[in-house]
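I have placed the structure first, in the form of C-alpha cells, so that the comments after it can refer back to it.
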Amino acid sequence: MVLITVRLARGATLADAIDRLDLAEEDVDTSYGLVAVDPDKGLYALRVSDRAGRKVGPPFADPKIEPFGPPRRSRD
C-alpha cells in the first residue's frame with residue numbers, strides 16, 4: 029500500500045474519493061480511511077494499492093512508525 033493525496037470537496041467521504049479516482053473498493057485501505065490533511069483546501073490522504081497508486085499519480089512514502097533508539101528512563 030502507498031499513501032496518496034487527493035483534492036476533494038470539503039466534507040468529502042471515502043466513497044467520494046473512490047469515485048473521483050475511479051478506483052475499486054479493494055484498491056483502498058478502508059480501515060485507514062480518508063484523512064483530512066487540510067480540509068479548508070480540500071486536501072485529503074488515503075492508502076491505496078501499489079497498482080492504484082501508479083494509476084493516480086506519484087505516491088508518498090508510508091514508512092512504518094517505530095521508536096528510535098533504546099528506551100530512556102525519565103528523570104523524576
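Mapped onto the working numbering, the consecutive letters of the sequence shown carry residue numbers 29 to 104. Backbone N, C-alpha and C fix where the C-beta goes; we use that ideal spot for every residue, glycine too.
Reduced DSSP category for R75 - H, G, I as helix; E, B as strand; rest coil: Annotated three-state conformation of R75 is strand, per DSSP.
Any heavy atom of the ligand ATP closer than 7 Å to the Cβ of I46? Inclusion of the ligand ATP in the displayed structure is not the case, the ligand content being empty and no account of it being possible.
Measuring CB to CB, does L31 end up less than 8 Å from R75? Result yes, Cβ atoms of L31 and R75 sit closer than 8 Å.
Taking C-alpha atoms, which residue in P95, D66, E94 lies nearest to V34? Measuring from the Cα of V34, the nearest candidate turns out to be D66.
Should D55 be labelled buried (16 or more other beta-carbon atoms within 10 Å of its own) or exposed? Answer is buried; the Cβ neighbour count reaches 16.
Inspect the beta-carbon positions of A45 and G70 and report whether they are closer than 8 Å. In terms of Cβ geometry, A45 and G70 do not form a close pair [threshold 8 Å].
Could you have a look at R25 and say whether DSSP puts it in helix, strand or coil? The structure shown does not extend to residue 25, since the chain is modelled only from 29 through 104, so no value can be given for it.
Assuming R48 is part of the alpha helix (DSSP H), what are its boundary residues? Where R48 is concerned, the enclosing alpha helix (DSSP H) starts and stops at 42-49.
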